[in-house]
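If you're matching positions, the sequence shown starts at 46 in my numbering and goes up one per residue.
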Amino acid sequence: MARLTKKGIWEGIIREFRDFLPEISDDAITTLKEGNTPLIEATNLRDIFGDIRLLLKYEGLNPTGSFKDRGMTMAVSKAREEGAKAVMCASTGNTSAAAAAYAAKAGMKAFVLVPEGQIALGKLSQAIMHGSLVLQIKGNFDEALRIVKEITKDYPVTLVNSINPYRIEGQKTAAFEVCEHLGHAPTYHFLPVGNAGNITAYWKGYKEYEAKGLISNLPKMMGFQAEGAAPIVVGHPIENPQTIATAIKIGNPASWEAAVAAKNESGGVIDAVTDDEIIEAYKLLAAREGVFCEPASAASVAGAIKMKKEGVLADGDTVVCTLTGHGLKDPDRAISSSAKPVKVAADIKKILKVMGF
Ligand code: F0G
46 MARLTKKGIW EGIIREFRDF LPEISDDAIT TLKEGNTPLI EATNLRDIFG
96 DIRLLLKYEG LNPTGSFKDR GMTMAVSKAR EEGAKAVMCA STGNTSAAAA
146 AYAAKAGMKA FVLVPEGQIA LGKLSQAIMH GSLVLQIKGN FDEALRIVKE
196 ITKDYPVTLV NSINPYRIEG QKTAAFEVCE HLGHAPTYHF LPVGNAGNIT
246 AYWKGYKEYE AKGLISNLPK MMGFQAEGAA PIVVGHPIEN PQTIATAIKI
296 GNPASWEAAV AAKNESGGVI DAVTDDEIIE AYKLLAAREG VFCEPASAAS
346 VAGAIKMKKE GVLADGDTVV CTLTGHGLKD PDRAISSSAK PVKVAADIKK
396 ILKVMGF
């Protein structure tokens, strides 16, 4: 099952899933050995999920800490093969971190356009450390993407947002890994939805595995937006999206139609969860499952909890939730949503007292 090389060393998604991806010349492949992320059984949430088998696809364990690496290895490798010298993206943070890292590895320049003051600290520090030119605009993600599309149309810079089809190609490999791990597709696959590229990619991946006869069932695709940034749910673009889940603070998703198609074809849903539900799931996963994801990622599990409460999920179902990014991306949110550390004197007696002994 597992696509490990003879030596047992994971070679990154392009080499591991070569048969399912557009061809790329070997010397253009730019990889940080992304993919092969764990699918973790959520064993401590039976009080919520009962006899539903819940698994967490922990994409925060990719090299730059998010699922974007799967798409970025493809997009940057292709750009390199085509002789590009620079890449550009708009981002709520994770795409910029991945673009910056893979461009660095390829010896290319990266330009990233982000909404000022809206990027989690970890992501901003990555984009800066990997040497990209970080441009902060007074505007939101949707405006940034519009500008990036204009610039990359007219100048010799390759766009690496998920409207670049190679991004979707790379990201679909996460669905392959889920199938290989389980030996079949899950009953339901839950994802946070922002620009809607990832739900599009997973659905493409599942369909390709089914077409090749590697799986015999398809999952229902369950996309969850944050309530204040839920254009697909309300059916029109949101001018000024609002949510604490900054990664998915998007009012006019680029892959809107493809996400709706994934929902319709699979018999799934695209729905919204509140910021409170997101934070609750975020804290629950960290405290009870030992899995630290960023707030936007927890929208998948918040969605699964909501669907369980609404009676949509049934005992015996296999439910996969993708946790798209690592919790360390957003230390400010982690600290502001948790109990403060206890200040205590450097004195054993006083410490023991606080410990409850
Ligand atoms: N989760 C995280 C952690 C993300 O960073 C994103 C998107 C999503 C979910 C949503 O995925 O856009 O494919 O629907 N982040 C983009 C970025 C927009 O710029 O990093 P999507």
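Every residue gets a Cβ at the ideal spot worked out from N, C-alpha and C, and that includes glycine.
Rounded to whole angstroms, what is the Cα-Cα separation between residue i and residue j?
i: A172; j: Q287; result: 23 Å
i: V202; j: A131; result: 5 Å
i: F221; j: K294; result: 28 Å
i: D114; j: Y211; result: 12 Å
i: I58; j: W301; result: 26 Å
i: I97; j: I54; result: 33 Å
i: E195; j: G184; result: 16 Å
i: E253; j: D199; result: 34 Å
i: M352; j: A379; result: 25 Å
i: H175; j: L101; result: 29 Å
i: L330; j: S342; result: 11 Å
i: I323; j: A271; result: 8 Å
i: K328; j: D321; result: 11 Å
i: K385; j: D377; result: 12 Å
i: E310; j: K265; result: 9 Å
i: I182; j: W248; result: 33 Å
i: T232; j: F402; result: 47 Å
i: I396; j: S382; result: 24 Å
i: G372; j: E104; result: 11 Å
i: M133; j: I350; result: 37 Å
i: E127; j: A142; result: 22 Å
i: V387; j: Q163; result: 29 Å
i: L84; j: G116; result: 19 Å
i: G273; j: S136; result: 18 Å
i: T118; j: A391; result: 49 Å
i: M46; j: V223; result: Here the model assigns M46 a pLDDT of 45, short of 50, so the residue's position is not dependable, and the following value carries that caveat. Taking the straight line joining both Cα atoms gives about 11 Å.
i: A275; j: I283; result: 7 Å
So, under 8 Å CB-CB, residue i and residue j are touching, yes? Tell me the CB distance rounded to an integer number of Å.
i: A290; j: A219; result: Their Cβ separation, rounded to whole angstroms, is 20 Å, which puts A290 and A219 out of contact at 8 Å.
i: I213; j: G242; result: 6 Å
i: F190; j: N206; result: Reading off the sequence, residue 190 comes out as Leu, not Phe. Rounded, the Cβ-Cβ distance is 6 Å, consistent with contact.
i: T75; j: K150; result: 5 Å
i: C366; j: L99; result: 7 Å
i: T82; j: L66; result: With 8 Å as the limit, T82 and L66 do not qualify as a contact, their Cβ atoms being about 17 Å apart.
i: G348; j: M267; result: 6 Å
Going by the C-beta, is residue i closer than 8 Å to any heavy atom of ligand 1?
i: G138; result: yes
i: C134; result: yes
i: P386; result: no
i: N297; result: no
i: T232; result: no
i: I293; result: yes
i: T369; result: yes
i: I182; result: no
i: A155; result: no
i: V346; result: no
i: I93; result: no
i: A241; result: yes
i: E339; result: yes
i: I289; result: no
i: I85; result: no
i: L236; result: yes
i: I244; result: yes
i: S170; result: no
i: K113; result: yes
i: S311; result: no
i: K308; result: no
Exercise for the section: Jot down the residue ranges of each uninterrupted alpha helix (DSSP H) in the stretch 138–197, minimum 4 residues, whole runs only, in chain order. Expected result: 139–151, 166–174
Practice task
Quick one: which unbroken alpha helix (DSSP H) runs of 4-plus residues sit fully inside the stretch 230–288? Chain order, please.
Solution key: Listed in chain order, the complete alpha helix (DSSP H) runs (minimum 4 residues) inside the stretch 230–288 are 242–256, 276–279.
Problem - Sequence ranges, beta strand (DSSP E) only - wholly within the stretch 88–132, length at least 3 - result: 98–103
Handout entry: Runs of beta strand (DSSP E) wholly within the stretch 300–328 (minimum 3 residues, chain order)
Key = 314–318
Practice task
Can you check the stretch 326–401 for any alpha helix (DSSP H) of at least 4 residues that lies completely inside it and give the ranges in chain order?
Solution key: 340–354, 376–381, 393–400
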